[in-house]
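Chains as they are written, first to last, in my numbering: chain A, 78 to 248; chain B, 93 to 796. Encoded as structure tokens, the structure appears first; notes follow it.
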Amino acid sequence: MTTPHFVIDLALCTGCNACQIACRDRAGLPDGVDWLSIETHEGGCYPAPQLEYRVVHCFHCEEAPCLPACPTEAVQRQGNGYIQIDAGLCIGCGACRDACPFEVIAISPEGIASKCDGCPDEAARGWDTTCVRACPMRALHDGTKLPDAPRVSDNALEDTIGPRVTYLRRP
Amino acid sequence: MNDVNERRVPFTCTLDCGSRCELVAVVRNGRIARIDTPPGREDTVERPRLVPCTRGRAHRRLQTAEDRLLYPLKRTGLRGSDQFQRISWDEALDVISSNLEQTRANYGAQAILHATGAGSIAGRGLHGAAASRRFFSYWDSVSATIGNQSNHCASMAATWMFGEVISGSDRANLLQSRLILLWGMNPAENRMGPNTEYFIGQARDRGARVILIDPRYTDSGILADEWLPIKPGSDAALAAAMAYVMETENLVDRAFMASKTSGYAAYQRYLLGRDDGLAKTPEWAAPITGIAAERIAELAREYASQRPAALLAGWGPQRTLYGEQVMRALITLSCMSGNVGLPGGEIASGGTRRGGPPIQGMPSGPKAPLRSLSASSWADEVLAGELDPPIKMAYIVATNLINRSANTNANKKALATMDCVVVHEPFMTPTARHADLVLPICTDLEHTDVVTSWGHDSHLFASQQVVEQAGESRTDYWILSQLAQRLGFGQAYTQGRSEVAWVEALVQSSPIDRQALAADGIWRTDGAPRTALSDYCADPVAHPLGTTSGLIEIENPMAEQYGLPRIPAYLAAHAEASTDEYPLQLLTPHNRLRSNSCLAANPWLQELEQHAVWISAADAKARGIQPWESIEVYNQFGVVRLPAYVTERIMPGVVCVYQGTWHRPVEDGVDEGGCANVLTSHRLTRTGGPTTHTNWVQVRSIAS
Chain A
78 MTTPHFVIDL
88 ALCTGCNACQ
98 IACRDRAGLP
108 DGVDWLSIET
118 HEGGCYPAPQ
128 LEYRVVHCFH
138 CEEAPCLPAC
148 PTEAVQRQGN
158 GYIQIDAGLC
168 IGCGACRDAC
178 PFEVIAISPE
188 GIASKCDGCP
198 DEAARGWDTT
208 CVRACPMRAL
218 HDGTKLPDAP
228 RVSDNALEDT
238 IGPRVTYLRR
248 P
Chain B
93 MNDVNERRVP
103 FTCTLDCGSR
113 CELVAVVRNG
123 RIARIDTPPG
133 REDTVERPRL
143 VPCTRGRAHR
153 RLQTAEDRLL
163 YPLKRTGLRG
173 SDQFQRISWD
183 EALDVISSNL
193 EQTRANYGAQ
203 AILHATGAGS
213 IAGRGLHGAA
223 ASRRFFSYWD
233 SVSATIGNQS
243 NHCASMAATW
253 MFGEVISGSD
263 RANLLQSRLI
273 LLWGMNPAEN
283 RMGPNTEYFI
293 GQARDRGARV
303 ILIDPRYTDS
313 GILADEWLPI
323 KPGSDAALAA
333 AMAYVMETEN
343 LVDRAFMASK
353 TSGYAAYQRY
363 LLGRDDGLAK
373 TPEWAAPITG
383 IAAERIAELA
393 REYASQRPAA
403 LLAGWGPQRT
413 LYGEQVMRAL
423 ITLSCMSGNV
433 GLPGGEIASG
443 GTRRGGPPIQ
453 GMPSGPKAPL
463 RSLSASSWAD
473 EVLAGELDPP
483 IKMAYIVATN
493 LINRSANTNA
503 NKKALATMDC
513 VVVHEPFMTP
523 TARHADLVLP
533 ICTDLEHTDV
543 VTSWGHDSHL
553 FASQQVVEQA
563 GESRTDYWIL
573 SQLAQRLGFG
583 QAYTQGRSEV
593 AWVEALVQSS
603 PIDRQALAAD
613 GIWRTDGAPR
623 TALSDYCADP
633 VAHPLGTTSG
643 LIEIENPMAE
653 QYGLPRIPAY
663 LAAHAEASTD
673 EYPLQLLTPH
683 NRLRSNSCLA
693 ANPWLQELEQ
703 HAVWISAADA
713 KARGIQPWES
723 IEVYNQFGVV
733 RLPAYVTERI
743 MPGVVCVYQG
753 TWHRPVEDGV
763 DEGGCANVLT
773 SHRLTRTGGP
783 TTHTNWVQVR
793 SIAS
């Protein structure tokens, strides 16, 4: 499996938002800007409702459309596989945001694009990323540490661009 | 890669949130750069980290919230008009001390109501109610709010049945459970001990089946295999019908009942209808609970046969008109299934006490309050006008009193009858808005304390002051020290100690290693998971309970003194409801983004979720209500205007408004802040507990 890779266990995510706030806090994002968000999927009929929370952030895709979309080459893949946005080169045109099917690139109030940077500061200290460490359910994993639980992977994501994520469900 | 300008300072929340977790403030150049957890801590299922929730994670934004109170304020306009003027600490303290003395001289000390709550708990005396209780214990015997608004009925039931309030088993025991009943319990939001939700998830992956019994499909529903919607207030009926099936199909653990309980025969008579001719069959319970008779019977068989099975009882079901009966019935059901005293089983104890870490709080002075007012219904007592002396002054610490006690509109009226209201607060809460003097309190990041775990654990947390106190905000201890000085007992109150000196003295006189605590931020009790009542179950003669018989008592003569039956019979609250005018049952549960009304000022948390009325698709359709349109929820106590969350996740006939958002009345008196207690009654249970989940409302569209 190429790295980085994210594993998100839908069977355990209760939508508590701890990862979202931890991410926002670490990245020092202004109010209303998030690099990680949680989609709520609600359906079914009483008394059999369906509820699922999905953590969504940049998945540093294999064929990431944000890369070619950027006119100034501010969006770059690093040697470690993460895609980062160079704020100094960004002109805030929004092309990367518009190209991303997961809608995980934000434009700050100052007009700079930003998104999940993979927590290089955490990795440099040998720690798991902020979102992984923040989860009270231990539902988030980096791809090298798959959970030891009965799960199947979910193929709901349109993966022609190769998002580096596996969502897990109960079999 | 340790930045030389970076400090990582351990601290923790003092919220009454249901947990207590490990937090670290990362400080760079004197400012809080972020909130983190101790990163190096191992995290295994045997020794899991105490992972903080969303609330703890959002501390940095609370710190910078725009409406922090930074200076003492004096009211200059009408109460509630938001007209205040900044004054000096000297002026504020002089005015308050003279008001305390004059009120005492004119009416007696009992004319002063000392109102406290759970805004800041679990410190060892320096902050919140502990600091002010100690203050008044040296000054005079005032009136005080008393009462447990959280688990009053559970405590009552435990005292009758076990002889004392006991805590449940350590959550790690759940890994051994084959069946877990989340009975009105919502650990995904309320935690009830750190890692409760984590252990339930892990237990399920080890093969446990999880059933959620709740009027709502809460976020905890994600951790459950099945949801059984139940009508609010009917829990004792479901328990009775399950007990009936177990009794008549011979699924009761007879050996346990014979050797470890007393009084079961009386409950048996009730179940079989020997006295009232009404057998408590699943068919009897089906219309009461809203659960099909066959499903009740299956649930009883499953619970009785899957051992160990854990019955985790939340506190919502006992915050009802006959909450004592609910907890008594659930404890009895746990006993009948034999799931007591064995790892992976769990008795529906409803308690949190586990002894706590071995450290004393600051000692109390000689004077106890001479008059108590119910923390739930104090306003009724004030407004009835029969108190002698009447309450003329309120001193309010660590509680958003009008917001968090039932019937907010009456609470405002009650405060308005008083000559002087003093409030300690970090924010301009609805209660602070109705005060004469508002004293700015600093946050958890701005004080030093040692803080105990919330329950289910016996840890001690070092909470260090991370940054300077904002503006002129101060600790409760500092304010009360200054007042004590003015009133002539400063030395007795402080014993000449600063807060840091107190913390050091308290830790020094305990067996806890001060240096290790300071370095690590936590003193943890670990070891094998503890099982509730294991000693008693192993040898009830050697380890008798504190009841008259020394056994778990199913029949409680004490209950009769309160007008309740001797046995855990179901009593219907419906008879006391005006179901024609107000046909919908109202739930007012806790929310994961607040702790009661604390954190309602944190923009990060509050913008995560639209505060709304949960209403079933069926009830919305019947009223022509569209999703997210603004609707009114109302009853005889008030009106709340909120968006409609039309959902399949709530039982028809039931609506839900999460408690804890701040009361914000607009011109016509309607609350657009969505404070749930605008709609709740002061009525108490027979033993004095709150009834915040026994209220009825009607809902209307305002679009037309």
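Just so you know, even glycine gets a beta-carbon here, dropped at the ideal spot from N, CA and C.
Note down, in chain order, all residues in the segment 664-688 of chain B with a beta-carbon under 7 Å from any beta-carbon belonging to chain A. Arg684
Consult DSSP for alanine 190/A and reduce its assignment to one of helix, strand or coil. The residue labelled residue 190/A in the question sits at position 113 within the first sequence. Reduced to three states, the DSSP call for alanine 190/A is strand.
For glutamate 759/B, count neighbouring C-beta atoms within 10 Å of its own C-beta (all shown protein chains included) and say buried if the count is 16 or more, exposed if not. Within the second sequence, numbered from 1, the residue matching residue 759/B stands at position 667. The residue is exposed, with fewer than 16 neighbouring Cβ atoms inside 10 Å.
Whole runs of the beta strand (DSSP E) within the segment 187-222 of chain B, excluding any shorter than 3 residues: 204-208
Could you check the C-alpha separation between threonine 80/A and tryptophan 112/A for me, to the nearest Å? Locating residue 80/A in the first sequence gives position 3, counting from the first residue. Locating residue 112/A in the first sequence gives position 35, counting from the first residue. Roughly 19 Å between the two C-alpha positions.
Pairing CB atoms from the segment 116-126 of chain A with CB atoms from the segment 726-744 of chain B, are three or more of them under 8 Å? yes
What residues match up with leucine 320/B in a beta bridge as DSSP calls it? As a working note, residue 320/B is residue 228 in the second sequence. Paired residue(s): Ile305/B.
Exposed unless 16 or more other CB atoms sit within 10 angstroms - verdict on valine 746/B: By 1-based counting over the second sequence, the position of residue 746/B is 654. Under this definition valine 746/B is a buried residue.
For aspartate 231/A and leucine 87/A, which I take to be in contact (beta-carbon distance under 8 Å), what is that distance rounded to the nearest angstrom? Taking the first residue of the first sequence as 1, we reach residue 231/A at position 154. Taking the first residue of the first sequence as 1, we reach residue 87/A at position 10. Contact flag correct, Cβ pair sits at about 7 Å.
At 9 Å on the CB atoms, spell out the chain B contacts of tryptophan 204/A, in chain order. To locate residue 204/A, count along the first sequence from 1; it is residue 127. Result: Pro131, Gly132.
When the cut-off is 8 Å and only beta carbons count, does arginine 99/B lie next to chain A? Counting from 1 along the second sequence, the entry for residue 99/B is found at position 7. Answer no: the Cβ-Cβ gap between arginine 99/B and chain A never drops below 8 Å.
Would you check if the distance between the CB atom of valine 242/A and the CB atom of isoleucine 85/A is smaller than 8 Å? The residue labelled residue 242/A in the question sits at position 165 within the first sequence. The residue labelled residue 85/A in the question sits at position 8 within the first sequence. Their beta carbons are under 8 Å apart, which means valine 242/A touches isoleucine 85/A by this criterion.
Would you report the Cα separation of serine 687/B and asparagine 342/B, rounded to the nearest angstrom? For this step, residue 687/B is matched to residue 595 along the second sequence. For this step, residue 342/B is matched to residue 250 along the second sequence. Roughly 44 Å between the two C-alpha positions.
Selection of the segment 110-130 of chain A by Cβ proximity to chain B, strictly under 9 Å: Ile115, Glu119, Gly120, Gly121, Cys122, Tyr123, Pro124, Ala125, Pro126, Gln127, Leu128, Glu129, Tyr130
At the 8 Å Cβ level, is isoleucine 314/B part of the contact set with chain A, yes or no? To locate residue 314/B, count along the second sequence from 1; it is residue 222. Closer than 8 Å to some Cβ of chain A, the Cβ of isoleucine 314/B qualifies, so yes.
Please identify the residue among Ser793/B, Ile794/B, Thr783/B whose C-alpha is closest to the C-alpha of asparagine 240/B. The sequence position of residue 240/B within the second sequence is 148, counting from 1. Asparagine 240/B has its Cα closest to that of Thr783/B, out of Ser793/B, Ile794/B, Thr783/B.
Note down, in chain order, every chain B residue with its Cβ under 9 Å from the Cβ of aspartate 108/A. Here the question's residue 108/A lines up with position 31 in the first sequence. Going along chain B in sequence order, the residues near aspartate 108/A (Cβ under 9 Å) are Arg153, Pro695, Trp696, Glu699.
Take the Cβ of glutamate 187/A as the centre, count every other Cβ of all protein chains shown within 10 Å, and call the residue buried at 16 or more, exposed below. Numbered from 1 along the first sequence, position 110 holds the residue referred to as residue 187/A. That one is exposed.
Count the CB pairs spanning the segment 225-243 of chain B and the segment 458-465 of chain B that are closer than 8 Å, and state whether there are at least three. yes
Could you pull the DSSP bridge partners for histidine 218/A from this structure? Translated into positions along the first sequence, residue 218/A becomes position 141. Its beta-bridge partners are Val84/A.
N- and C-terminal bounds of the beta strand (DSSP E) containing valine 514/B: In the second sequence, counting from the first residue as 1, residue 514/B sits at position 422. It spans 512-517 - the beta strand (DSSP E) in which valine 514/B sits, taken as one unbroken run.
Taking 7 Å as the cut-off, is the CB of isoleucine 115/A close to at least one heavy atom of the ligand MN? In the structure on display, the ligand MN does not appear, and there are no ligands present to speak of.
At least one CB of chain A closer than 8 Å to the CB of tryptophan 376/B: is that the case? The residue labelled residue 376/B in the question sits at position 284 within the second sequence. By this cut-off, tryptophan 376/B is not an interface position.
Unbroken alpha helix (DSSP H) runs of length 4 or more, entirely within the segment 380-405 of chain B: which are they? 385-397
Take alanine 664/B and list the residues in its own chain whose beta-carbon comes closer than 6 Å to its own, dropping the five residues that flank it on each side. Working through the second sequence from its first residue, we reach residue 664/B at position 572. Cβ within range, chain order: n/a, list empty.
Does the separation of the CB atoms of leucine 79/B and serine 312/B fall below 8 Å? Residue coverage of chain B in this structure runs from 93 to 796, which leaves residue 79/B outside it and unanswerable.
How about glycine 708/B: is its C-beta nearer than 8 Å to some C-beta of chain A? Within the second sequence, the letter at position 616 stands for residue 708/B. With the sequence shown as reference, residue 708/B is identified as serine, and glycine is not the correct amino acid for it. Serine 708/B counts as touching chain A.
Under 8 Å, Cβ to Cβ, is there at least one residue of chain B near proline 240/A? The count along the first sequence starts at 1 and reaches residue 240/A at position 163. Chain B, which has no Cβ nearer than 8 Å to the Cβ of proline 240/A, makes this no.
So, for methionine 93/B: in the same chain, excluding its five sequence neighbours on each side, which residues have a beta-carbon less than 6 Å away from its beta-carbon? In the second sequence, counting from the first residue as 1, residue 93/B sits at position 1. Unreliable positioning characterises methionine 93/B in this predicted model, as indicated by a pLDDT of 43, which lies under 50. The coordinate reading is nonetheless provided below. Hits under 6 Å: none found.
What are the boundary residues of the alpha helix (DSSP H) that arginine 296/B is part of? Counted from its first residue, the second sequence places residue 296/B at position 204. 288-297 is the extent of the alpha helix (DSSP H) around arginine 296/B.
Which residues, taken in chain order from the segment 301-313 of chain B, show a beta carbon closer than 8 Å to some beta carbon of chain A? Tyr309, Asp311, Ser312, Gly313
Alpha-carbon to alpha-carbon, glutamate 114/B and glutamine 574/B: As a working note, residue 574/B is residue 482 in the second sequence. As a working note, residue 114/B is residue 22 in the second sequence. The straight-line gap from Cα to Cα measures roughly 32 Å.
Let me confirm a value: proline 379/B is counted as buried when at least 16 other C-beta atoms fall within 10 Å, else exposed. Which label applies? The sequence position of residue 379/B within the second sequence is 287, counting from 1. Counting Cβ neighbours within 10 Å, proline 379/B comes out exposed, since fewer than 16 surround it.
Which same chain residues, not among the five before or five after cysteine 100/A, have their C-beta less than 6 Å away from its C-beta? On the first sequence, position 23 is the one that residue 100/A refers to. Excluding positions up to five away in sequence, the list reads Trp112, Leu113, Thr207, Cys208.
What did DSSP end up calling valine 599/B once you bin it into helix, strand or coil? To locate residue 599/B, count along the second sequence from 1; it is residue 507. Looking at valine 599/B - three-state DSSP - the assignment turns out to be helix.
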